[in-house]
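Trainee: Quick one: the structure is below, and I'll ask about it shortly.
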Amino acid sequence: MSENQNSQSFPEESTEQNTEEPQTSDNNDSGVVKKSFGFGFSGPLPPPSILSQYDEIVPNGAERIMQMAEQQLQHRIEMEKRLVEEDTRQGARGQNYALIVSLVAFASAVILGVTGNETAATIIAGIDIIALATVFIVGKTMALKAKDLEDPDIN
1 MSENQNSQSF
11 PEESTEQNTE
21 EPQTSDNNDS
31 GVVKKSFGFG
41 FSGPLPPPSI
51 LSQYDEIVPN
61 GAERIMQMAE
71 QQLQHRIEME
81 KRLVEEDTRQ
91 GARGQNYALI
101 VSLVAFASAV
111 ILGVTGNETA
121 ATIIAGIDII
131 ALATVFIVGK
141 TMALKAKDLE
151 DPDIN
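Quick note on numbering: the sequence shown equals residues 1 to 155 in the UniProt record's numbering.
Here's what the structure looks like:
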């Protein structure tokens, strides 16, 4: 690198910290001044002024960084899509299993009722109906709470 490149200042959009304080100790009164700079940025990509400096260091450096950020974004989108699809499949599977259990309980209640065990049939059918109602009520309540947590300004 040339002398000019080494003495470049930091970009204006950066968070710059410039501390110039004499650092002296009791043992050394040489008057040495310590100068330190801090630099930082947030986000997936550095500011454009810094990004262009990568091209000076590595051929096509800025383009490679942009491609890396785009690939990471695509990966994140794909993972979120898979997560949503799997959650949907799990929900459907749970509903199917609940339907099967409920139908088996009602079939058992019908069989018990037909064979003369009305008390047992009533208890099984009642428990099944109460369980189904509870699941739907709790599910609706949880869905409303989740919706409120996502966007409390809607209500």
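Where a beta carbon is used, it is the ideal one built from N, C-alpha and C, also for glycine.
None of the values given here were measured: they were computed from a predicted structure.
Tell me whether Val104 sits in a helix, a strand or coil according to DSSP, three-state version.
Mentor: helix
Trainee: Is DSSP giving Phe41 helix, strand or coil here?
Mentor: coil
Trainee: Please report the residue range of the alpha helix (DSSP H) in which Thr134 lies.
Mentor: Glu118 to Glu150
Trainee: When burial is assigned at 16 or more other CB atoms within 10 Å of the CB, is Ile77 buried or exposed?
Mentor: Label assigned to Ile77: exposed.
Trainee: My understanding is that Ala69 touches Leu51, with C-beta atoms under 8 Å, so please give their C-beta distance in whole angstroms.
Mentor: Their Cβ separation, rounded to whole angstroms, is 10 Å, which puts Ala69 and Leu51 out of contact at 8 Å.
Trainee: Answer with buried or exposed for Ile123, where buried requires no fewer than 16 other C-beta atoms within 10 angstroms of its C-beta.
Mentor: exposed
Trainee: Between the Cα of residue 210 and those of Ser102, Ala125 and Leu103, spot the shortest distance and give me the residue it belongs to.
Mentor: The requested residue 210 does not occur in the structure, where the chain is confined to residues 1 to 155.
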